[in-house]
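S.K.:
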Amino acid sequence: MTGGRDVVRSGDSESDEMVCELRVHALPARLRLIRRVVGEAARELDCSPGVVEGLVSAVDEACQNIIRYAYKGDPKGVILLRIERAGDNAVIRLIDYAEPVDPAGIQPRPLDELRPGGLGTHLIQAAADSVEFEPPTQGAGNILKLVKRIE
2 MTGGRDVVRS GDSESDEMVC ELRVHALPAR LRLIRRVVGE AARELDCSPG
52 VVEGLVSAVD EACQNIIRYA YKGDPKGVIL LRIERAGDNA VIRLIDYAEP
102 VDPAGIQPRP LDELRPGGLG THLIQAAADS VEFEPPTQGA GNILKLVKRI
152 E
């Protein structure tokens with residue numbers, strides 16, 4: 002882990018607008034702050050109330066996964082949240098500095114399996130138009146990128 006140095010590309014194109022950036026320790030107690038920041042940023046981008054709610058839920062779920070699985074509860078872990086506008090899209094990046102994950106190994110469980118948990122991937126994919134892991138820059142472990150058209 003690099004201690005959370007800035008190692009992320011600035012944006013997808015020259016027309017991008019950085020809306021906000023938040024760096025927090027990977028603690029469950031920070032999820033409330035993250036949800037508030039995502040909600041305010043999405044409203045600032047003029048997202049509809051439904052889109053705001055979906056993005057807040059998706060980012061919350063992704064951050065819970067980072068805390069639980071990437072950092073395995075290590076409170077020294079760092080989550081970097083970046084929210085940008087790229088044309089008519091809101092672009093959210095969640096960067097961690099944990100061991101890189103194999104995106105192919107992150108599969109949602111079948112929806113017809115009746116058991117608790119395991120639906121976070123479905124929730125994240127339903128809230129965004131595009132969800133992908135970007136190749137991490139030097140020092141980063143994982144970069145999850147969510148893109149949602151601003152409605």
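Counting from 2, one number per residue, gives the positions in the sequence shown under the working numbering. Note that CB positions come from ideal geometry on N, CA and C, so glycine has one too. These numbers come from a predicted model, not from an experiment.
Going by DSSP, what residue range makes up the beta strand (DSSP E) through I151?
M.R.: That residue, I151, is in no beta strand (DSSP E); it is neither H nor E in DSSP.
S.K.: For E152, which residues in the same chain have their Cβ closer than 6 Å to its Cβ, ignoring the five residues on either side in sequence?
M.R.: S49, V52
S.K.: In the DSSP output, what is E22 paired with across the bridge?
M.R.: R83
S.K.: Rounded to the nearest angstrom, how far is the Cβ of I93 from that of V60, given a contact under 8 Å?
M.R.: 6 Å
S.K.: Between which two residues does the alpha helix (DSSP H) harbouring D61 extend?
M.R.: 50-66
S.K.: What does DSSP give as the partner residues of A91 in its beta bridges?
M.R.: R86, K149
S.K.: Check whether the Cβ of E45 lies closer than 8 Å to any Cβ atom in chain B.
M.R.: Chain labels in this structure do not include chain B; a single protein chain is all it has.
S.K.: Examine the Cβ distances between the stretch 74-89 and the stretch 125-134 and report whether three or more of them are shorter than 8 Å.
M.R.: Under the 8 Å Cβ criterion, the stretch 74-89 does not count as touching the stretch 125-134, having fewer than three qualifying pairs.
S.K.: For P29 and I68, I'd like the C-alpha separation in whole angstroms.
M.R.: About 7 Å.
S.K.: Which first and last residues belong to the beta strand (DSSP E) in which V39 is found?
M.R.: V39 -> not in any beta strand (DSSP E); alpha helix (DSSP H) instead, spanning 32-45.
S.K.: Have a look at K146, L124, L95, A27 and flag the residue whose alpha-carbon is nearest the alpha-carbon of G74.
M.R.: A27
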